[in-house]
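Residue numbers (our numbering): 49 to 471.
Built from N, CA and C at the ideal position, the CB exists for glycine as well.
As the structure is a prediction and not an experimental result, all values here were calculated from the model.
Reading through the C-alpha cells given below for one structure.
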C-alpha cells in the first residue's frame, strides 16, 4: 500500500513539475500579457468613444452625403424630368434643370432620359463596347448592355426589353396589353421608345396616348415605322408584299411578323418556299423551317433538305440565320440530301450563298449572302454558332469530320443584297 502511495505521489510530482518547465512559464507569461493588452485596448476604445461621442456623431452624419440621402429616397425627382435625383447626381447632371433630360451628351441618339431608362452610360456612346452605338442598338431592338435580340414568343418585342419592363417573354398576347392605361399598347410603347409602366413618359402632363407621336422628337424614330404594329416594319411589308395597314394580311389569326419569323407564309397558307443555292460547290436544296429544337425531329427533317434552325433570324432580317445540312448519314437511309453539305469545306472567301424565296402572293426575292473568310472546325457548343448578331449574318453548319458528329464545320456569311435600309 505504501509503495502504491509513493508511486502516485511521484506521478503527481512529475506532472506538476512538467507544467513548470521554463518553456511553459514563457507561454503562460505571454498569454497573460496578451490578455492584459486586449483589456487595455478595449478600455481605451471605450473611453475614447465616450469622450469623443459628439465629434464621432458629427463625422458620421457628414459621411452620409447628399447623394446617399437622395438614394434613400429613391424616387425623388426635384425637377420632374423623369430622372430621379440620385441618378442625375451620379452622372453629373443638374437636379434642378429639367432640360438636361433631353440632352444627348454622347451623340448616340439616346437622350439622357432614355439613357436612364435603358441603364446606359450618357457619356459613352457604346456602353457595352460591341461596336454599335447605344441608340442604334435600342432602335433596332438590341440590348445596349449586351448581345441579344431574341424574341421567343414572336410578339414583335425582343426578350431583353420584355425583361426590362416586366413583360412575359413567353406570352405572345401581352404585346397588345396596355399596362399603364395610357391608350398605347405595350408594343407601341416599345416602338416609340416609351415606358410601358409610366402613362406620361416625358413628364409633360400629357398622357403618352394623347401625344402627337409623329411630332414627339424626344422618342419618335422615323426608321421604326410599323404602321400596323404587327412587329414587321413597313420596309419588310413592302419587300414581302404584305399589307402594312393590316397586321394579319392573310386573315389566318396570326400576325405577319409572327408568321414570317417562323417560316410561315404571311400572304397565304403553308410555309415559305425557299431554296438554298451555293453555285461554288453546286448545292441546291430546299430549306425546311424547323419548329422544334428536338434532335430526332431535326434529323427526320434533314432527309428532306437543309434546316433553318428554330428561333434564328429569317433570311434578310437582322440577326443570325442558322442553316445546317448533313455531310454524311446512314448508308441505308434513302435521301437526296444526306450528304448535301459534304463539300462545304471547299467554300472560299467571297463565294455567294443565295436564298431563293417565293410567297403565295407571287413575290419572289433573292437574298444574297457572301462568305467571309475560311471555314472553322469548332465544337458543338461553340458560342459563335448560335450567337445573336446586330447585323445580317448567316451561319452554315455541318457535322465534321465526315462520318462523325464530334465537331462542326462552320462558315459565316453576310448579307450582300438586297441592301436593307438602316431600320
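Residue i at chain B interface by Cβ criterion, 9 Å
i, result
"residue 397", "Protein chain content of the structure displayed is limited to a single chain, and chain B is not contained in it."
Where residue i falls, given that 16 or more other Cβ within 10 Å makes a residue buried
i, result
"residue 132", "buried"
"residue 417", "buried"
"residue 239", "buried"
"residue 330", "exposed"
"residue 162", "buried"
"residue 381", "exposed"
"residue 341", "exposed"
"residue 293", "exposed"
"residue 363", "buried"
"residue 81", "exposed"
"residue 309", "buried"
"residue 230", "buried"
"residue 378", "exposed"
"residue 375", "buried"
"residue 74", "exposed"
"residue 332", "exposed"
"residue 190", "buried"
"residue 390", "buried"
"residue 91", "exposed"
"residue 348", "exposed"
"residue 87", "exposed"
Close Cβ partners of residue i (< 8 Å) along its chain, the five nearest in sequence each way excluded
i, result
"residue 458", "423, 424, 425, 426, 430, 432, 433, 443, 444, 445"
"residue 225", "233, 234"
"residue 277", "204, 233, 235, 236, 239, 295"
"residue 53", "In this prediction, residue 53 has a pLDDT of 43, which is less than 50 and means its spatial position is unreliable; what the coordinates show is noted afterwards. No residues qualify anywhere along the chain."
beta-carbon residue i near the ligand SAM non-hydrogen atom, thresh 8 Å
i, result
"residue 185", "The model depicted lacks the ligand SAM and carries no ligand whatsoever."
Rounded straight-line distance, which links the Cα of residue j to that of residue i
i, j, result
"residue 388", "residue 279", "34 Å"
"residue 123", "residue 129", "12 Å"
"residue 368", "residue 361", "5 Å"
"residue 137", "residue 125", "11 Å"
"residue 291", "residue 344", "37 Å"
"residue 316", "residue 335", "18 Å"
"residue 77", "residue 84", "11 Å"
"residue 462", "residue 252", "44 Å"
"residue 322", "residue 209", "31 Å"
"residue 249", "residue 218", "26 Å"
"residue 403", "residue 327", "11 Å"
"residue 8", "residue 171", "As displayed, the chain neither begins before 49 nor continues past 471, which places residue 8 out of reach and without an answer."
"residue 384", "residue 351", "7 Å"
"residue 452", "residue 392", "15 Å"
"residue 299", "residue 166", "36 Å"
"residue 266", "residue 175", "Caution applies to residue 266, whose pLDDT of 49 falls short of 50 and renders its modelled position unreliable; the value that the coordinates give is listed next. If you take the alpha carbons of residue 266 and residue 175, they lie about 20 Å apart."
"residue 222", "residue 405", "31 Å"
"residue 127", "residue 256", "19 Å"
"residue 441", "residue 151", "34 Å"
"residue 438", "residue 182", "12 Å"
"residue 211", "residue 184", "19 Å"
"residue 313", "residue 285", "12 Å"
"residue 153", "residue 168", "12 Å"
"residue 59", "residue 94", "Since pLDDT at residue 59 reaches only 48, below the 50 mark, its modelled position is unreliable, and the value read off the structure follows with that caveat. Cα-Cα distance, rounded: 48 Å."
Per DSSP, the bridge partner or partners of residue i
i, result
"residue 404", "323, 414"
"residue 465", "416"
"residue 443", "370, 460"
"residue 424", "458"
"residue 336", "355"
"residue 378", "In the DSSP output, where bridge partners are listed per residue, residue 378 has none listed."
"residue 448", "455"
"residue 312", "319"
"residue 331", "326"
Same chain, Cβ closer than 6 Å to residue i, neighbours up to 5 away in sequence not counted
i, result
"residue 141", "148"
"residue 371", "354, 356, 444"
"residue 158", "182, 183"
Same chain, Cβ closer than 7 Å to residue i, five either side skipped, listed in chain order
i, result
"residue 346", "338, 355"
"residue 289", "315, 407, 409, 411"
"residue 155", "173"
"residue 201", "217, 218, 219, 220"
"residue 450", "375, 376, 390"
"residue 146", "127, 128, 129"
*asked:* Tell me whether the segment 391-405 and the segment 302-311 touch, counting them as touching only if at least three CB pairs, one residue from each stretch, are closer than 8 Å.
replied: Too few Cβ pairs lie closer than 8 Å, so no.
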